[in-house]
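full-length UniProt numbering puts the first residue of the sequence shown at 1, with every later residue one more than the last.
Glycine included, C-beta positions come from ideal geometry on N, C-alpha and C.
Predicted, not measured: the structure shown is a model, and the values here were computed from it.
Step one of this worksheet: look at the structure below.
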Amino acid sequence: MKTIKANKKAIKIACEIIKSGGIIIFPTETVYGIGASALNKSAIKKIYKIKGRSFDKPLQVLISDKKQIAEFAKEISTSAQELIKKYWPGSLTLVLKKRGSRNNTVGLRMPDHKFILKLIKETGPLAATSANISGKPAPINAKEVNITADLLIDGGKCKQGLASTVIDATAEKLIVLRNGSIKI
Numbered sequence: 001m002k003t004i005k006a007n008k009k010a011i012k013i014a015c016e017i018i019k020s021g022g023i024i025i026f027p028t029e030t031v032y033g034i035g036a037s038a039l040n041k042s043a044i045k046k047i048y049k050i051k052g053r054s055f056d057k058p059l060q061v062l063i064s065d066k067k068q069i070a071e072f073a074k075e076i077s078t079s080a081q082e083l084i085k086k087y088w089p090g091s092l093t094l095v096l097k098k099r100g101s102r103n104n105t106v107g108l109r110m111p112d113h114k115f116i117l118k119l120i121k122e123t124g125p126l127a128a129t130s131a132n133i134s135g136k137p138a139p140i141n142a143k144e145v146n147i148t149a150d151l152l153i154d155g156g157k158c159k160q161g162l163a164s165t166v167i168d169a170t171a172e173k174l175i176v177l178r179n180g181s182i183k184i
């Protein structure tokens, strides 16, 4: 697996890989993530295979702009809107009602990490999860990554070192699904 430092050149290379259906591993403020284009089902399946992850555990979608919420979610509650204002960009994943579907949901997050935000602006939203074998600890630096992808972007140690907080915001009453970096 090719490893490069997180810089402008890495963004260019990562964009080419993602646009061709490839998989990358990248730093965020929480933990290292593995991702692909959120619109490429074949690439998303590769992530599940690499991680040994069950297909009934959905990936989150990383966005670079709050305007992108409407591409993936519908009926955003007042409670969810308040959390978005307060915590985005940041280490909060919101589970919202998925656009174009009656019963499905989508987890959205806008990371607070300059490199990954720049990358997402270039590639479009990424389907992502932590860069580890499913059930194992998530890596907080590139040396701890124990799975492979088309590219590993080394951005040093993650600032927080703890996964994002996940909130079910499909209704006004919020439900914490996973405690993480943000305490709510």
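Which residue wins for smallest C-alpha separation from Gly-100, given the options Gln-81, Ala-70, Leu-83, Leu-92? Ala-70
Please list the segments of the alpha helix (DSSP H) lying wholly inside the stretch 107-158, counting only runs of 4 or more residues, in order along the chain. 114-123
Cβ neighbour criterion (16 or more within 10 Å) applied to Leu-176: Contrary to the premise, residue 176 reads as Val rather than Leu in this sequence. It is exposed - the Cβ of Val-176 has fewer than 16 other Cβ atoms within 10 Å.
If Ala-128 sits next to Gln-60, beta carbons under 8 Å apart, how far is it from one beta carbon to the other, in whole angstroms? 6 Å
Ile-120 beta carbon less than 7 Å from that of Leu-83: no
Would the beta-carbon of Leu-108 fall within 7 Å of that of Ala-169? no
On the premise that Ala-163 lies in contact with Tyr-32, defined as a C-beta separation below 8 Å, what is that separation, rounded to the nearest angstrom? Rounded, the Cβ-Cβ distance is 11 Å, inconsistent with contact.
Limits of the unbroken alpha helix (DSSP H) element including Gln-60: Not the alpha helix (DSSP H): Gln-60 falls in the beta strand (DSSP E), residues 60-62.
Just to confirm before moving on: does the CB-CB distance between Ser-134 and Lys-45 stay below 7 Å? no
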